Every structure is written in structure tokens, then in C-alpha cells.
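A.B. asks:
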Amino acid sequence: MAGRYQFDAVTDAAVTLSIDGVRVLSKDKGAAVAEGSLDLTAGLHDIEVRIAGAGNLKVGWHPPAESIDSDIADAARAASAADVAIVFARDLESEELDRPSLSLPNDQDRLIEAVLRANPRTIVVLATGSAVTMPWLDRASAVVEAWYGGTKGAAALASVLFGDVNPSGRLPVTFPVRDEDLPTADRTQFPGIDRVTVYREGLASGYRYFNGANAPRPLFAFGYGLSYSTFAFSGIVADRPDFRIGVPGKDATFKGNPGVSVSVKVTNTSRVRGAAVPELYVTYPEASAEPTSLLRAFDKVDLAPGESKVVTFVLDQRAFSNFSEQSNAWIVNPGVYKISIGASSVDHPLSLDVEAKNRS
């Protein structure tokens with residue numbers, strides 16, 4: 000097909016792409032992505048790629064906009080005639096390659112939006128390796144994060160979509176609303192000036208950053224996940240109100256020193272058997288200088304409709320320790336620690352306080 004084609008190259012090395020002797024894109028070492036475009040006639044063309052330096056290289060191309068527009072229109076027409084539409088979207092990532100953004104590549108957001116306009120009963124399935132932005136989320140009936148499913152991924156996904164299996168997964172990463180919400184969005188921080196990365200976020204990385212007082216609310220929080228069941232947490236209780244700080248063990252941490260046991264009742268409030276995943280977070284006293292609440296335990300409990308079970312988390316003093324730069328060792332600071340239980344890093348409906356006391 001004749002038209003203007005878009006090309007990109009993703010690598011840390013220096014690369015040049017030429018077609019029929021015409022340079023289409025070129026970049027030096029450092030920058031992650033190079034882009035270019037060229038008008039091509041239908042038929043065969045000579046392509047030359049030159050690369051200098053270590054690292055992987057991914058070269059991609061995108062057909063003329065007219066071709067993409069036609070494919071999107073075909074998908075929308077098919078969706079409008081269906082009872083339910085399912086859109087599969089994917090990204091491509093691997094080791095030693097940085098994604099240029101969290102957006103789905105190759106006009107897939109535009110495809111999803113067109114299908115949603117044609118049929119509001121649309122399920123979006125994401126085959127991605129990490130978080131992506133979803134500007135169309137409020138119009139989708141459902142979103143399934145399928146990750147990279149492998150050989151049996153299609154069968155597993157079909158079992159979930161048809162209700163033969165009740166999903167119970169939880170997100171191991173945070174999904175931000177937009178790229179700019181990430182603490183590393185500033186390119187002077189990463190990749191940095193003259194390839195010098197500046198690690199400004201300190202301890203507030205990952206979900207810890209999004210739990211901060213002034214942080215933007217994520218699209219989906221760390222630990223979040225839905226199933227065909229609903230659950231309720233109640234009756235949080237600790238076996239003691241305080242504990243005495245022990246001494247570091249052989250591994251130089253406080254692992255094994257008795258702390259507290261915390262129990263919570265989990266109830267399946269739906270008509271569908273399913274598995275709940277209660278998550279336990281600890282908020283440290285101010286003297287510890289820990290940024291926010293930290294995940295310290297979780298469990299998965301299978302429940303029949305209406306069934307309740309008590310889940311008990313046994314926390315040794317490792318769960319209350321933090322590394323002190325001043326003493327160059329793991330310590331447990333005396334003070335009040337808040338223990339919270341919920342369904343994600345930002346959903347903690349239950350909490351209680353325990354106090355760590357000095358040995359003397």
C-alpha cells in the first residue's frame with residue numbers, strides 16, 4: 000500500500016535506519032527511542048539498519064493512517080452487530096528496553112474508543128507486561144489484565160470470561176492515571192542529563208509514593224483486583240496491645256522476635272464461591288522516617304457464598320523494623336504502629352494500634 004509509513008527504533012545504542020538509501024531515522028547512544036517517517040510506493044524496498052554499541056534493538060513500523068482508519072472502522076462495524084464485543088490490546092516489552100510511555104502503542108487506544116462507541120457492552124483484554132494508561136476506562140464494561148499468558152493463556156482467559164473460573168488475582172504494580180503522575184516522569188531525573196539518573200523519590204517508590212499525602216490517586220492501586228464475588232472484612236483484633244523490642248538475630252534483622260498476631264473475619268457477601276485476599280499494612284511512627292504504610296502480610300482464603308473465616312497474621316518484629324542509616328543496622332523504633340487490613344494499598348477499612356516498647 001502506498002502512503003506515508005512511520006518507523007521507530009528502541010535501543011540504548013546508536014542506530015541509523017535507511018530505506019532505498021534515504022535516511023529515515025538516526026540517533027546517538029542514550030536516548031531510548033528514535034522516530035521517523037517516509038512516503039513509500041507499493042512494492043519491495045531495500046532496508047538498511049546500522050547499530051553501534053551494546054544492547055537490544057527493536058525496530059517497528061506503522062502503516063499509513065488511511066490503513067489504520069480502515070481497520071478501526073471495520074472493528075467498530077463488527078462490534079455494533081455483536082451482543083458483546085471483546086477487544087484485545089497489547090504492548091511489547093522485554094529486558095533492556097524502555098517503553099516510551101505508558102500508552103498502548105499503535106493507535107490501540109483509538110481502536111478501543113471506536114469499539115466502545117459502537118457497542119457499550121465491550122470487554123477490554125490487556126496482554127501487557129506492566130501498567131498502561133486507559134483514557135477510555137469509564138466507558139468500558141470490564142477490563143481484564145491478562146498479562147503475558149503464555150501457551151495456555153487463551154484457555155485460561157476464556158475460562159474467566161465465560162465464568163467457569165472466578166478470578167482472584169491482585170495487581171503487583173500500581174496503574175497511574177497518566178505518565179505525569181509517576182515520581183520519575185521528569186526526564187531530568189530519568190534518563191537524566193548526560194545519562195546521570197537522579198533518584199529523588201528515596202523510599203517513596205512504587206505504591207509507597209501513591210500512598211503519600213500529596214500524591215495523585217492511582218487509576219488502580221497496588222493490590223487491587225475484582226472477582227465475581229464480593230467480600231467484607233470485620234472484627235480486627237490483636238492478641239496483645241504492645242510488645243518488647245528484642246535484639247537482632249543472626250541475619251542482623253529482628254526476624255523471629257515475637258511481635259503481635261492480628262486476626263480479621265472475612266465474609267463472602269455474594270452468591271458466588273470465590274477467594275478473598277486480605278492485605279495487611281503497617282504504618283510506622285514518625286521517628287522511623289518510613290514514607291507510608293507498608294505491605295507486611297497477605298493471605299488468600301476460599302469462601303462459599305455467605306461463609307466466613309477468621310484469618311490470622313503472625314507478625315514478628317521484622318514487620319516493624321526499618322534500616323537506620325545512622326546506626327547502619329536494622330532497628331525497631333519504640334512507638335505506636337498502626338496496623339491496617341484491606342483489599343489494596345489505598346483501601347484499609349480496618350485498623351488498630353500496637354506499641355513497641357524498649358526492653359528496659
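In numbering that gives the first Met the number 0, the protein residues as written are 0 to 359. All C-beta atoms in this analysis are idealised placements derived from N, C-alpha and C, irrespective of residue type, glycine included. Source: prediction; values computed, not measured.
Measure the alpha-carbon distance for V14 versus W60 and round it to whole angstroms.
C.D. replies: Here residue 14 is taken as the residue at index 15 of the sequence shown, counted from 1. Here residue 60 is taken as the residue at index 61 of the sequence shown, counted from 1. So the alpha carbons of these two residues sit roughly 15 Å apart.
A.B. asks: Could you tell me which of A88, T173, V197 and A342 sits nearest to P277, measuring between CA atoms?
C.D. replies: On the sequence shown, position 278 is the one that residue 277 refers to. If we check each option's Cα against that of P277, A342 comes out closest.
A.B. asks: When you compare the CB positions of L56 and I50, do they come within less than 7 Å of one another, or not?
C.D. replies: Position 57 of the sequence shown, counted from the first residue, corresponds to residue 56. Position 51 of the sequence shown, counted from the first residue, corresponds to residue 50. Yes, the Cβ-Cβ distance between L56 and I50 is below 7 Å.
A.B. asks: Of the residues A77, G54 and V58, which one's Cα is nearest the Cα of V23?
C.D. replies: The count along the sequence shown starts at 1 and reaches residue 23 at position 24. Checking every option, the nearest Cα to that of V23 belongs to V58.
A.B. asks: Could you say if the stretch 108-124 and the stretch 190-201 meet the contact criterion of at least three C-beta pairs nearer than 8 Å?
C.D. replies: Contact fails: fewer than three Cβ-Cβ distances are below 8 Å.
A.B. asks: Taking only the alpha-carbon atoms, compute the straight-line gap between A155 and Y147 and give it to the nearest angstrom.
C.D. replies: Locating residue 155 in the sequence shown gives position 156, counting from the first residue. Locating residue 147 in the sequence shown gives position 148, counting from the first residue. The straight-line gap from Cα to Cα measures roughly 12 Å.
A.B. asks: How would you write the range of the alpha helix (DSSP H) that L110 sits in, first residue to last?
C.D. replies: The residue you call residue 110 lines up with position 111 of the sequence shown. Q107 to A117 is the span of the alpha helix (DSSP H), which, as asked, contains L110.
A.B. asks: So the candidates are A286, P166 and L351; which of them puts its Cα closest to the Cα of S262?
C.D. replies: Looking up residue 262 in the sequence shown gives position 263. Comparing Cα positions, the closest option is L351.
A.B. asks: What separation, rounded to the nearest whole angstrom, lies between the Cα atoms of R207 and I18?
C.D. replies: Taking the first residue of the sequence shown as position 1, residue 207 is located at position 208. Taking the first residue of the sequence shown as position 1, residue 18 is located at position 19. Each residue's alpha carbon lies about 47 Å from the other.
A.B. asks: Helix, strand or coil: which one does DSSP assign to F221?
C.D. replies: Counted from its first residue, the sequence shown places residue 221 at position 222. Residue state, collapsed to three classes: coil.
A.B. asks: Would you check if the stretch 241-260 and the stretch 156-165 touch, i.e. whether three or more CB-CB distances between them fall below 8 Å?
C.D. replies: Flag = no, the stretch 156-165 and the stretch 241-260 do not touch.
A.B. asks: What are the residues that DSSP puts in a beta bridge with Q5?
C.D. replies: Residue numbering aside, residue 5 sits at position 6 when the sequence shown is read from its first letter. Per DSSP, S36 and H61.
A.B. asks: Would you say K28 and G2 are within 7 Å of each other, going by their C-beta atoms?
C.D. replies: For the purposes of this step, residue 28 is taken as residue 29 along the sequence shown, with counting starting at 1. For the purposes of this step, residue 2 is taken as residue 3 along the sequence shown, with counting starting at 1. Not a contact, by the Cβ cut-off of 7 Å.
A.B. asks: I'd like to confirm the pairing. Which residues does DSSP put opposite G273 in its beta bridges?
C.D. replies: Residue mapping note: residue 273 aligns to position 274 of the sequence shown, counting from 1. Per DSSP, L302.
A.B. asks: What would DSSP say about D27, mapped onto helix, strand or coil?
C.D. replies: Numbered from its first residue, the sequence shown carries residue 27 at position 28. Coil, per DSSP.
A.B. asks: Could you check which residue in K299, E200 and N357 has the C-alpha nearest to that of S167?
C.D. replies: Taking the sequence shown and counting its residues from 1, one reaches residue 167 at position 168. Looking at the Cα atoms, K299 is the closest of the given residues.
A.B. asks: At 3 residues or longer, and completely inside the stretch 118-204: list those beta strand (DSSP E) runs for me, N to C.
C.D. replies: Here the runs fully enclosed are 121-126 and 141-144.
A.B. asks: Could you round the C-beta distance between A88 and L103 to whole angstroms and report it? I think they count as a contact, below 8 Å.
C.D. replies: In the sequence shown, counting from the first residue as 1, residue 88 sits at position 89. In the sequence shown, counting from the first residue as 1, residue 103 sits at position 104. Right, their Cβ atoms sit about 5 Å apart.
A.B. asks: Given a threshold of 16 other Cβ atoms within 10 Å of its Cβ, counted over all protein chains shown, does E65 qualify as buried or as exposed?
C.D. replies: As a first step, residue 65 is located in the sequence shown; it is residue number 66 there, counting from the start. E65 comes out exposed.
A.B. asks: Tell me, please, whether the stretch 328-338 touches the stretch 213-230 by the rule of three or more beta-carbon pairs shorter than 8 Å.
C.D. replies: Not touching, per the Cβ criterion.
A.B. asks: Do you know how far the Cα of L170 is from the Cα of A145?
C.D. replies: Taking the sequence shown and counting its residues from 1, the one referred to as residue 145 is at position 146. Taking the sequence shown and counting its residues from 1, the one referred to as residue 170 is at position 171. Rounded to the nearest angstrom, the two C-alpha atoms are 11 Å apart.
A.B. asks: Would you call the CB atoms of T132 and L110 closer than 7 Å?
C.D. replies: Stepping through the sequence shown from its first residue, residue 132 is reached at position 133. Stepping through the sequence shown from its first residue, residue 110 is reached at position 111. In this structure, L110 does not lie closer than 7 Å to T132 by Cβ.
A.B. asks: Closer than 6 Å by C-beta to V143: which residues in its own chain qualify, once you throw out the five before and the five after it? Chain order, please.
C.D. replies: The count along the sequence shown starts at 1 and reaches residue 143 at position 144. Closer than 6 Å at Cβ, skipping near neighbours: V124.
A.B. asks: Going by DSSP, name the residue or residues bridged to N327.
C.D. replies: Sequence index remark: in the sequence shown, residue 327 carries index 328 (1-based). DSSP lists no partner for N327.
A.B. asks: Name the residue from A33, G20 and F6 whose alpha carbon lies nearest to the alpha carbon of A12.
C.D. replies: Locating residue 12 in the sequence shown gives position 13, where the first residue counts as 1. The residue with the shortest Cα to Cα distance from A12 is A33.
A.B. asks: Grab me the residues of F322's own chain with a C-beta within less than 6 Å of its C-beta, minus the 5 sequence neighbours each way, in chain order.
C.D. replies: Counting from one through the sequence shown, the residue named residue 322 turns up at place 323. Only W329 meet the Cβ criterion.
A.B. asks: Drop a sphere of 10 angstroms on the beta-carbon of A8, count the other beta-carbons inside from all chains shown, and report buried for 16 or more, exposed for fewer.
C.D. replies: Within the sequence shown, the letter at position 9 stands for residue 8. Classification for A8: buried.
A.B. asks: For F242, which of helix, strand or coil comes out of DSSP?
C.D. replies: Numbered from 1 along the sequence shown, position 243 holds the residue referred to as residue 242. If DSSP states are grouped into helix, strand and coil, F242 belongs with the strands.
A.B. asks: Alpha carbon to alpha carbon, how far is D73 from S36?
C.D. replies: Here residue 73 is taken as the residue at index 74 of the sequence shown, counted from 1. Here residue 36 is taken as the residue at index 37 of the sequence shown, counted from 1. If I take the Cα positions, the gap works out to 25 Å.
A.B. asks: Please confirm if the stretch 255-275 is in contact with the stretch 197-213, defined as three or more CB-CB distances below 8 Å between the two stretches.
C.D. replies: No, the stretch 255-275 does not touch the stretch 197-213.
A.B. asks: What number of angstroms, rounded off, separates the C-alpha of N165 from the C-alpha of L225?
C.D. replies: In the sequence shown, residue 165 corresponds to position 166, counting from 1. In the sequence shown, residue 225 corresponds to position 226, counting from 1. Looking at the two C-alpha atoms, the distance is approximately 10 Å.
A.B. asks: CB S326 to CB Y280, shorter than 7 Å?
C.D. replies: For this step, residue 326 is matched to residue 327 along the sequence shown. For this step, residue 280 is matched to residue 281 along the sequence shown. No, the pair does not count as a contact, with Cβ atoms beyond the cut-off.
A.B. asks: Roughly how many angstroms separate the alpha carbons of D97 and P175, rounded to a whole number?
C.D. replies: Looking up residue 97 in the sequence shown gives position 98. Looking up residue 175 in the sequence shown gives position 176. So the alpha carbons of these two residues sit roughly 17 Å apart.
A.B. asks: For A75, which of helix, strand or coil comes out of DSSP?
C.D. replies: Residue 75 sits at position 76 when you count from the first residue of the sequence shown. In this structure, A75 counts as helix in the three-state DSSP scheme.
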